[in-house]
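Participant: Numbering (the numbering used here), first residue to last: 1 to 133.
Ideal Cβ positions, reconstructed from N, Cα and C, are used throughout, including at glycine.
Structure provided below as structure tokens; questions to follow.
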Amino acid sequence: MDGGSAQRRVVAVVAGRPVADEAEQIAAGSMDAVEPKIIGAEPDHYAVWGGLAMEAAAAAARNNRPDEAKEYRKAARVAATAVGTAHRNLSRHWSVFGPVTAALKALEDSMVIGDARAVVRKADEEEALSPRF
């Protein structure tokens, strides 16, 4: 199974019924299957792995598992740093991934769990969300 298929499967599971545990398990298992090697990994590989980390974090946050969500978000940030800028592969994985995507999804998790202070703090602190002139 490629990473794009895994991401679509996670979205289908989450959208179809409230099964955050299953969605998290699918995303985490897929992350393990496609984890990029430190040397020689392509941006596409990091983008898929980071996208799966974001899906796992979202499922964990929605399932009231903030510690697990935080760990998955760390993985997404590592992948976003490796990608460097927004990586687009719409023809293969129908996705865009990079530092801004990872930062916005972290804000979304804070909103989902109802932590408004964290949303405001992260929005102010997050360099990736600041416009560059």
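Suppose you measure from the CA of A75 to the CA of V100; what does that come to, to the nearest Å?
Facilitator: On the sequence shown, residue 75 is found 75 positions in, with the first residue counted as 1. On the sequence shown, residue 100 is found 100 positions in, with the first residue counted as 1. For A75 and V100, the distance between alpha carbons rounds to 14 Å.
Participant: Where does the unbroken alpha helix (DSSP H) through P99 begin, and where does it stop?
Facilitator: Residue 99 sits at position 99 when you count from the first residue of the sequence shown. From DSSP, the alpha helix (DSSP H) with P99 extends over 99-112.
Participant: Taking the alpha helix (DSSP H) that E24 falls in, what are its first and last residues?
Facilitator: To locate residue 24, count along the sequence shown from 1; it is residue 24. Counting along the chain, the alpha helix (DSSP H) containing E24 begins and ends at 20-34.
Participant: I need the DSSP call for R65, collapsed to helix, strand or coil.
Facilitator: Within the sequence shown, the letter at position 65 stands for residue 65. Reduced to three states, the DSSP call for R65 is coil.
Participant: Give me the residue from L104, V112, A41 with the minimum Cα distance to E125.
Facilitator: To locate residue 125, count along the sequence shown from 1; it is residue 125. Residue L104 is the option with its Cα nearest to E125.
Participant: May I ask you to verify whether the segment 47-61 touches the segment 25-34, counting CB pairs closer than 8 Å and requiring at least 3?
Facilitator: Taking 8 Å as the limit for Cβ pairs, the verdict is that the segment 25-34 does touch the segment 47-61.
Participant: Assign E42 to one of two classes, buried (16 or more other C-beta atoms within 10 Å of its C-beta) or exposed (fewer than that).
Facilitator: Residue numbering aside, residue 42 sits at position 42 when the sequence shown is read from its first letter. Exposed, since its Cβ has fewer than 16 Cβ neighbours within 10 Å.
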